[in-house]
């Protein structure tokens, strides 16, 4: 029954967001940190960042993304399999309004992540990164928890990524495979 409810939700979200780009994207009005906590599996990612372009050949199987609290900090950990085995990275997110987070990675710059939509089984996140070279890069992430996304959701993701200014070759849909979990 839930996939029937999720599809209209996802469609409504995209209709609402298609007229918006970049920094003016609103967070899901029903967002809470509790909805984000736990383990998610990557369905797709789209980005115009050169580092992403260099890594996307390695990013074939579904990454595992986990959110947890460490004291007052919200941590986002990502585990992904490459030809060199399991690779993991962690970032500390600072809340910047409900559903908006900031973080910084020295080689990449300062980023603002917005949770555009979250249900018990799907999450759509948008990140803008201000790189040290002055350029601004976009990343759009699509996660699932449990069941596969509803039919048509991947096409909607691609359409929205292109609406944001990304190109088809900026989009990666992950294949099933051995995952790298966080403990």
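Numbering (my numbering), first residue to last: 115 to 297. The C-beta atom is built at its ideal place from N, Cα and C for all residues, glycine as well.
With a cutoff of 8 angstroms on beta-carbon distance, residue 180 and residue 191 are scored as near each other. By the C-beta density criterion, residue 243 is buried, having at least 16 other C-beta atoms within 10 angstroms. Judged by their CB atoms, residue 284 and residue 160 are nearer to each other than the 8 angstroms cut-off. In terms of CA proximity to residue 293, 193 leads the group 270, 255 and 193.
Under DSSP, the beta-bridge partners assigned to residue 203 are 192.
Leaving aside the five residues that flank residue 217 on each side, the residues in its chain whose CB is nearer than 6 angstroms to its CB run, in chain order, 205, 207 and 225.
For residue 236, the enclosing beta strand (DSSP E) stretches over residues 236-244. The alpha carbon of residue 187 has as its nearest neighbour, out of 228, 144 and 210, the alpha carbon of 210.
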